[in-house]
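If you use the numbering used here, the sequence shown corresponds to residues 48 to 175, in order.
C-beta: ideal position from N, C-alpha, C; glycine also.
Please read all numbers here as calculations on a predicted model, not as lab measurements.
Worksheet: one structure, shown below.
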Amino acid sequence: MEFKKEKVYTPLVATPTHNVSQAIKYGNLVFISGMVGEDENEVLMDGLEAQCERAFLNMKNVLEAAGSSLEKVLFCQIFIGKREDRTIANKVWDRYFLNMDVAPARYTVVAPTVAEPYLFEITCVAGV
Numbered sequence: 048m049e050f051k052k053e054k055v056y057t058p059l060v061a062t063p064t065h066n067v068s069q070a071i072k073y074g075n076l077v078f079i080s081g082m083v084g085e086d087e088n089e090v091l092m093d094g095l096e097a098q099c100e101r102a103f104l105n106m107k108n109v110l111e112a113a114g115s116s117l118e119k120v121l122f123c124q125i126f127i128g129k130r131e132d133r134t135i136a137n138k139v140w141d142r143y144f145l146n147m148d149v150a151p152a153r154y155t156v157v158a159p160t161v162a163e164p165y166l167f168e169i170t171c172v173a174g175v
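Structure follows, in structure tokens:
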């Protein structure tokens, strides 16, 4: 069986500024690009927790546009600016994933060079 790449798009999330898709479906998987804490009008939320919350909402919206859901997330990568940001990032993570039978695998990167003024970014791979 041969798979084709399929672009995923939703107007509920800001359009990427570079030649990047919000997500790509390939077979029964969807690969979500990095989601940050800005709304569909490119308004950046104020503060780490608000940016985390919006990034998760953006990821959820793109997953749903792809025919997937948070329950089907297999793996996430999280990027935070400082080690101490993990507490807030984990608090928001728990709002979305705490009560799942099987939580996604996760890799967290502390990256002080995350593009200002973004304080948080998340990407994932999910089943469709």
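Per DSSP, reduced to three states, the secondary structure at M82 is strand. DSSP, reduced to helix, strand and coil, places L91 within a strand of the structure shown.
Put simply, the backbone Cα of F50 is about 29 Å away from that of V83. In the DSSP annotation of this structure, the continuous segment of the alpha helix (DSSP H) that includes K138 starts and ends at 133–144. Counting only residues of its own chain and dropping the five nearest sequence neighbours on each side, K54 has a CB closer than 6 Å to the CB of S68. In the three-state scheme derived from DSSP, where H, G and I count as helix and E and B as strand, A113 is classed as coil. Shown here, L59 sits in coil according to DSSP, grouped into three states, outside any helix or strand. Taking the Cβ atoms as the reference, A113 lies roughly 25 Å from I127, outside the contact range of under 8 Å. F167 is not a Cβ neighbour of Q124, given a cutoff of 8 Å. For the set E131, N146, E85, L145, the Cα lying nearest the Cα of I169 is the one of E85.
The three-state secondary structure of Q124, taken from DSSP, is strand.
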